[in-house]
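Just so we're aligned: the sequence shown equals residues 126 to 347 in our numbering.
The beta-carbon is built from N, C-alpha and C at its ideal position, and this holds for glycine as well.
Just below is one structure, and these are the notes that go with it.
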Amino acid sequence: MRNHLIPVLTIDGPSGSGKGTIAQRMAQKLGWHYLDSGAIYRVLAVAAMKHHIDLADTAQLTTLASNLDLNFKFDDQGLKVLLEGENVTDTIRTEQMGNAASKVAAQPAVRSALLERQRDFKQAPGLVTDGRDMGTVVFEEAPYKVFLTANSTARAERRYKQLKEKGIESILADLTREISERDERDSQRSVAPLCAAEDALVLDSTALTIEEVYTQVLALVS
Ligand code: DC
Numbered sequence: 126m127r128n129h130l131i132p133v134l135t136i137d138g139p140s141g142s143g144k145g146t147i148a149q150r151m152a153q154k155l156g157w158h159y160l161d162s163g164a165i166y167r168v169l170a171v172a173a174m175k176h177h178i179d180l181a182d183t184a185q186l187t188t189l190a191s192n193l194d195l196n197f198k199f200d201d202q203g204l205k206v207l208l209e210g211e212n213v214t215d216t217i218r219t220e221q222m223g224n225a226a227s228k229v230a231a232q233p234a235v236r237s238a239l240l241e242r243q244r245d246f247k248q249a250p251g252l253v254t255d256g257r258d259m260g261t262v263v264f265e266e267a268p269y270k271v272f273l274t275a276n277s278t279a280r281a282e283r284r285y286k287q288l289k290e291k292g293i294e295s296i297l298a299d300l301t302r303e304i305s306e307r308d309e310r311d312s313q314r315s316v317a318p319l320c321a322a323e324d325a326l327v328l329d330s331t332a333l334t335i336e337e338v339y340t341q342v343l344a345l346v347s
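Rendered as structure tokens:
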């Protein structure tokens, strides 16, 4: 299939909006490939720490991003993320790595270095992708775009529950503050800030169940 004919569904939104869950379900339902673009920035942050690179050192981070030895693998437990062959699936999911990812992602040269790597995921029969700039920059041509949001209290509560289910104790007030700080950084940066594409279906999931969101997204693509 010619590249421009391969359908892409982009799901963008702030952290805790439920975009990851919806994107994975949609990819499974449609039998399309899946790109978790946030995981790439998270892996870059882990790689920077591993190689003792300062998160503000754009030149070194950009070189690291261009040569990032990153692999995604699917098994019965879901998405597995490998950095230089090492399983970093759980390491990248902490709040600390989310924040570090947001800092590296604010640097334009780092984003450019990762652009083609993300676009390479566009393979037949289709691609579902989640992130912040999927519909506005990376896959601007996508025929299906969703911007999923929810108020910050609801998102912090969801995150709190998710962490608790994983056996990780956290403090709701800290999560709320961290989410707000990350939103602020992701929305205010100079390049590819978090915002809805003009042609995106905007869904506020604050008062919706995951099922209700899923039904609406599925209707968009069907
Ligand atoms: O979706 P996430 O929480 O895993 O993303 C982690 C950080 O990575 C997020 O705070 C900002 C950055 N990010 C980005 O800048 N652009 C994307 N397309 C995805 C994530």
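Excluding the 5 residues preceding and the 5 following residue i in the sequence, name in chain order all residues of the same chain whose CB lies nearer than 7 Å to its CB.
i, result
"residue 339", "147, 150"
"residue 348", "The shown model of the chain, from 126 to 347, leaves out residue 348, and the question about it has no answer."
"residue 341", "328"
"residue 227", "307, 310, 311"
"residue 157", "250, 251, 252, 253"
"residue 212", "205"
"residue 126", "249"
"residue 145", "161, 255"
"residue 305", "277"
"residue 331", "275, 276, 279"
In the DSSP assignment, what residue or residues form a beta bridge with residue i?
i, result
"residue 329", "274"
"residue 196", "207"
"residue 158", "252"
"residue 137", "256, 272"
"residue 212", "207"
On the premise that residue j lies in contact with residue i, defined as a C-beta separation below 8 Å, what is that separation, rounded to the nearest angstrom?
i, j, result
"residue 271", "residue 159", "Contact flag wrong, Cβ pair sits at about 14 Å."
"residue 297", "residue 229", "In fact, because the Cβ distance is near 27 Å, the residues do not count as touching under 8 Å."
"residue 124", "residue 207", "The chain is shown only over 126 to 347; residue 124 falls outside these bounds and no answer can be derived."
"residue 154", "residue 343", "7 Å"
"residue 131", "residue 249", "5 Å"
"residue 275", "residue 308", "Not a contact, Cβ separation roughly 11 Å."
"residue 255", "residue 162", "7 Å"
"residue 247", "residue 128", "6 Å"
"residue 235", "residue 183", "7 Å"
"residue 180", "residue 152", "Rounded, the Cβ-Cβ distance is 30 Å, inconsistent with contact."
With a threshold of 6 Å on Cβ separation, who are the neighbours of residue i within its own chain once the five nearest residues in sequence on each side are excluded?
i, result
"residue 198", "205"
"residue 233", "316"
"residue 269", "134, 345, 346"
"residue 264", "133, 135"
"residue 303", "220"
"residue 209", "194"
"residue 326", "271, 345"
To which residues of the same chain is residue i closer than 8 Å at the C-beta, ignoring the five residues directly before and after it?
i, result
"residue 415", "Outside the shown range of the chain (126 to 347) lies residue 415, about which nothing can therefore be said."
"residue 222", "167, 170, 171, 216"
"residue 164", "197, 204, 206, 217"
"residue 266", "129, 133"
Worksheet item: What runs of the beta strand (DSSP E), each 3 residues or longer, lie entirely inside the region 216 to 291?
Response: For the region 216 to 291, whole beta strand (DSSP E) runs of length 3 or above, ordered along the chain, are 252 to 256, 269 to 274.
Item to complete: Pair every Cβ in the region 246 to 264 with every Cβ in the region 319 to 333, then say whether three or more of these pairs are closer than 8 Å.
Response: yes
Worksheet item: Is there contact here, the region 286 to 296 with the region 235 to 242, by at least three beta-carbon pairs under 8 Å?
Response: no
Worksheet item: Between the region 158 to 174 and the region 297 to 312, are three or more C-beta pairs nearer than 8 Å?
Response: no
Worksheet item: Okay, do the region 274 to 282 and the region 133 to 144 touch, 3+ Cβ pairs below 8 Å being the bar?
Response: yes
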